[in-house]
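Note sheet for the following structure.
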Amino acid sequence: MPLESHDYMALALAEAKAAESRGEVPIGAVLVGPDGAVLASAGNEVEARNDPTAHAEMLAIRAAGAKLGQPRLPGCDLYVTLEPCAMCATGASFARLRRIVFGAYDPKGGGVEHGPRIFSQPTCHHAPEVVGGVSASQADALLKGFFVARR
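Under my numbering, the first residue of the sequence shown is numbered 188, with each subsequent residue one higher.
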């Protein structure tokens, strides 16, 4: 039986908390297959990998593609604790994801509802359905706490 959106987001929040415990910005992602099974989950690993592209979303997309043995993931849904940046939104488009569900909005660095609005661009080949604000208060509190502790 597939989990509900808030259950997948709870898994993404757990990944974000694990990332924070490793000294990473607390962002987590879960990629779900068409059947509702979790294909991959990840938290940010930018610092650990010394890789600016090691965002939770990109890691989950890469892992799911490797698991399924294919570069495109039609029918799959991505749950992420923060509005994806332009890079991650573009990766989701290239992966042909069905849906992106995110938690906190990101007016400064977001690429979906803010900033470049990747899926609204005429050059965007695939625009997934987008649902924002799921468990936003928990995701926002996690991020704010992380940055307050570092200032």
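By construction, the Cβ of each residue, glycine as well, lies at the ideal position given by its N, Cα and C atoms.
Being a predicted model, the structure only gives us computed values, none of them experimental.
Asked                                                                                                                     : Found
If the criterion is Cβ atoms closer than 8 Å, does the pair A291 and E316 meet it?                                        : no
Please classify N231 as buried or exposed, where buried requires at least 16 neighbouring CB atoms within 10 angstroms.   : buried
Helix, strand or coil for L284? Go by DSSP, reduced to three states.                                                      : coil
Tell me the rounded alpha-carbon separation between T310 and R209.                                                        : 37 Å
Who are the Cβ neighbours of D342 in its own chain at under 7 Å, not counting the five residues just before and after it? : This structure does not reach residue 342, given that the chain is present from 188 up to 338, and the question cannot be answered.
Can you check which of these residues, V212, V318, H313 and Y195, is closest to L330 by C-alpha distance?                 : V212
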